[in-house]
Amino acid sequence: MQQHALLTKEEVKKSIVGKLQRHNGCSLAEATPNQIYKAVASTIRDQIMAKLVAARRAIREANGRRLYYLSVEFLMGRSLLSNMLNLCATSAYREAFAELGIDMEDLLREEPEPGLGNGGLGRLAACFMDSLATLNLPAMGCTIRYEYGLFRQRIVDGQQVELPDNWLEHGNSWEIPAPEDSVEVRFGGRLEEDWSSGELHVRHMDYTPVIAVPYDMPVTGYDNDMVNVLRMWSARAPKSFDLASFGRGNYQQALEVRGMAEVLCKVLYPEDDHFEGKQLRLSQHYFFTSATLQFLIAEYKREHGDDLHRLHEKVVIHINDTHPGLAIPEMMRLLMDNEGFSWEDAEYVVTHMVAYTNHTILSEALERWPEDLMRTHLPRIYQILQEMNRRLCERLWQRFPGDWDRIAQMAILAYNQVHMANLCVAYSYSVNGVSKLHGDILKRSTFHDFHLVMPEKFSAITNGITHRRWLMLANPRLSALITEAIGDKWHTDAEALRELLPLREDAAFRESFARVKRENKLRLSQWLILNQREGFDPDCLLDVQAKRLHEYKRQLLNALHLLVLYNRIVDNPDYDMPPRCVIFGAKASPGYRRAKLIIRFINAVSDLVARHPRASKLLKIIFLENYCVSAAEVLIPAAELSQQLSTATKEASGTGNMKFMMNGALTIGTLDGANVEMDAAVGRENIYIFGARAGEVEAIYAGNTYQASTVFENNQEIRRAMTQMIDGTLAEAGVFNELYHSLLFGDHGGMADPYLVLKDFGSYTMAQKRISADYRNADKWQRMAIANTACSGIFASDRTIREYNDNIWHLAPARW
Ligand code: 26Q
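Under my numbering, the letters of the sequence shown match residues 336 to 1151, in that order.
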């Protein structure tokens, strides 16, 4: 329980009114909604800041290990309500709002959403921050303060249009600038080697300096005294450099430095599970990584003195995928060049301090930088990478003498590229996958050879989600029902949800559970009407697929099946099924043409269905615009069916799958990623599993034994739907040729239907038939839905973070 005094309702009112007066010179009645939002946020922030001061002192005095969690994405979502919830202050604020005549829903909508991430990897980092603070673990999240987050999506004439996300336009109420912690990060230039002292000293000359300025966002723990921060680094041009350059008349260079600083943190790259070797992206990664390391060294020195030989005892650096992997050579550089370490001493510290999580096995997502780019842009880092590579290859040569091919596959530098995953595996003390299946695939295939050499590093820790945001905050109705049934211990012990299991037999509880779902569907429908002028009937089955648009996630399988359903309805005047509303939420990377075409296809099928009088009574397809954290918070609690269709082996874990399950949706899914563990947790009778298993998929890829054309020839329903793709039924003929072609013939020499859409189609259709039949049996459906919520506790990120801490980090909880 938290120690700090809470504000009473009267104190909350007084603070809000006082802030409006002092900051805006107006009364409550005169204030704009945005001014009121800021006054409320500032009141909550005051409460948090009081805790932050105490937490920082306690953590310093405890003198334990600290975690620096480096991630190029943190998809935090809005903070106001989650902070209120964590402070256990919701009722005081609610009552204050009621008396002041403030509409809470309107107020919450005023908060700009920080969309500093693409999808799963960024949202995972945010869930981790919540659990770290709640478990009292001292940690700092470290990232880039992008001026523009992930683009806002509009659908115009069925197609995606991207708009800039200027989230800082009206200020950020939560961030605290910390200019005193600014550091310099250096790019480009050349190296001078100096042996005059008998030892090698490397001097970096003519580099381009950029100043990194941190902004901290406090992250509160739930019902405790802990506050951690998310440190976001922003870039500015050095002032002195600017002036000096003018002095020397070097106007051009001064402007170049300014330009570099200006673009560096401008925008988050909208790529997800796809790698492009852009120089600016490399600069972003190095920028926040170097700044973080310089800062953590300064902080260590302030507390422990100048000798860094035991740095690894007090610091863990966790790299969220390979993007911050330059932390490894950068720490080597800082220890050798600034602290006088020998190579061996620096390597010892680094290899005991860095832990790495892998989030994908897709080869197109693996980070590989051109060596030339690394050499010209980060010359000293490149030099260190060369030496690391030399030593690694020497070691591998001992183990695999003469096996050049294998060694090249494992090298850091090979084929003129810097292979970031190999760097991270070779020099971290821990390498983990994000689900059991993914961990196994890393060991048996992606990092097979490394696993032979250093098996002790490898583990799998299944992802999790913070049930406080994804159940307590997003689904207040279900949360109230749960607390009424089993008390509130589940707030900090999600496994307690299991106590709901026997309530499946309680007719009154089933009815309440169903009522909550219906109310959430109604809330979503109203939200959709407000946002895109299109609602749905809350008595139909609400079926949702919400995630980034990617071929491997197979939104196309869902859409093709909808086209088949349409044909069945049109063909048969007596065709009957429980009416369904199918919602898609998905952003496509702006450069991923095929993904954008799939969005267009979904919308074309949606229009086709809507135009048919009978089909439109049984089926409605909605493309939800701009899927983001706040949309997910309205969408997920309403869903009754969750589609998790990835081709087995491709989805490392998935985390949306867990959010839907926790909110009582049933899953239709493949045995991929964490779906495998959801199936085990809830039992096969409460989930709809279909499609090829991982082993079968691996065999197909290895042996090239699958022929999409055979499915096409044998399945009349598929053949018809695919023909409709290209014959003008859906759009002018030709628009969707590319999709058709890829399914039937493959892309430039590759296999046809590489994601096995046609292969799994039959099995998917059968599972969908069972779903429609089961939905008719309301009792059965509610029992299954309750089982899903009840068995979802192991997917809470509190469990995930405990596992990371017990197996990798070994942080001591801070208590005071
Ligand atoms: C990096 C450098 C250059 C270009 C692009 C990238 C880049 C950026 C983001 C590569 C990948 C990503 C994001 C990956 C991602 O979100 N992966 C997801 O991670 C989730 C959390 O572990 C898993 O649940 C998902 O299965 C996985 O797809």
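Using N, Cα and C, we set each Cβ at its ideal position, and we do this for glycine too.
Contact annotation, residue 471 with residue 1150: C-beta distance approximately 6 Å; criterion of less than 8 Å satisfied. Excluding sequence positions up to five before and after residue 348, its CB lies within less than 7 Å of the CB of 431, 434, 435, all in the same chain and listed in chain order.
Look at residue 951: its beta carbon is at least 8 Å from all of the heavy atoms in the ligand 26Q.
Between the segment 969-979 and the segment 998-1009 there are three or more inter-stretch CB-CB distances shorter than 8 Å, so the stretches are counted as touching. Between the ligand 26Q and the CB of residue 988, the shortest heavy atom gap is smaller than 8 Å. According to the DSSP secondary-structure assignment, residue 1126 is paired through a beta bridge with no residue.
Separation of the CB atoms of residue 892 and residue 1096 is rounded to 7 Å, and the pair is thereby assigned contact status at 8 Å.
Beta-bridge partners of residue 1002 (DSSP): 977.
A Cβ-Cβ distance of about 5 Å is found for the pair residue 1090 and residue 886, placing them in contact under the 8 Å criterion. Distance from the CA of residue 492 to the CA of residue 498, rounded to the nearest whole angstrom, comes to 16 Å. Here residue 863 has 869, 870 as same chain residues with Cβ atoms under 6 Å from its own Cβ, once five neighbours each way along the sequence are excluded.
Taking a cut-off of 8 Å on C-beta distances, the segment 932-940 does not touch the segment 976-991, as fewer than three cross pairs fall below it. Closest in alpha carbon position to residue 674, among 926, 1068, 1138, 536, is 536. Distance from the C-beta of residue 756 to the nearest heavy atom of the ligand 26Q is not below 8 Å.
Per DSSP, reduced to three states, the secondary structure at residue 1059 is helical. Take residue 853, set aside five residues on each side of it, and the residues of its chain with a beta-carbon closer than 7 Å to its own are 873, in chain order. Using a C-beta cut-off of 8 Å, the segment 843-860 makes contact with the segment 816-831, since at least three inter-stretch Cβ pairs fall below that distance. If you draw a straight line from the Cα of residue 1099 to the Cα of residue 960, it comes to about 26 Å.
Beta-bridge analysis with DSSP links residue 947 to no other residue. Residue 358 counts as exposed, since fewer than 16 other C-beta atoms from the protein chains shown sit within 10 angstroms of its C-beta. In the structure shown, the three-state DSSP call for residue 636 is helix. Contact between the segment 498-513 and the segment 551-569 is established, with three or more Cβ pairs separated by less than 8 Å. Proximity of the beta carbon of residue 712 to the ligand 26Q is not indicated: no heavy atom of the ligand is located closer than 8 Å. Secondary structure of residue 341 (DSSP, three-state): coil.
The criterion of a C-beta distance shorter than 9 Å is satisfied by residue 801 and residue 1131.
DSSP places residue 381 in the uninterrupted alpha helix (DSSP H) bounded by 368-397. DSSP places residue 404 in the strand class (E or B) of the three-state scheme.
In the structure shown, residue 543 adopts extended strand secondary structure according to DSSP, grouped into three states.
With a cutoff of 9 Å on beta-carbon distance, residue 875 and residue 915 are scored as near each other.
Here the alpha carbon of residue 501 sits roughly 21 Å from the alpha carbon of residue 477. For secondary structure counted as the alpha helix (DSSP H) over 4 or more consecutive residues, the segment 887-972 holds these complete runs in sequence order: 890-906, 928-946, 950-953, 964-970.
Where residue 475 is concerned, there is no enclosing alpha helix (DSSP H), although the beta strand (DSSP E) around it starts and stops at 474-479. If one requires a minimum length of 4 residues, the alpha helix (DSSP H) runs lying completely within the segment 1091-1119 are 1092-1111, in chain order. Taking 9 Å as the cut-off, the beta carbon of residue 412 is found no closer than this to the beta carbon of residue 440. With a threshold of 8 Å, the Cβ atom of residue 1130 does not count as near the ligand 26Q, since no heavy atom of the ligand is closer than that. Between residue 625 and residue 600, the CB-CB gap reaches or exceeds 9 Å.
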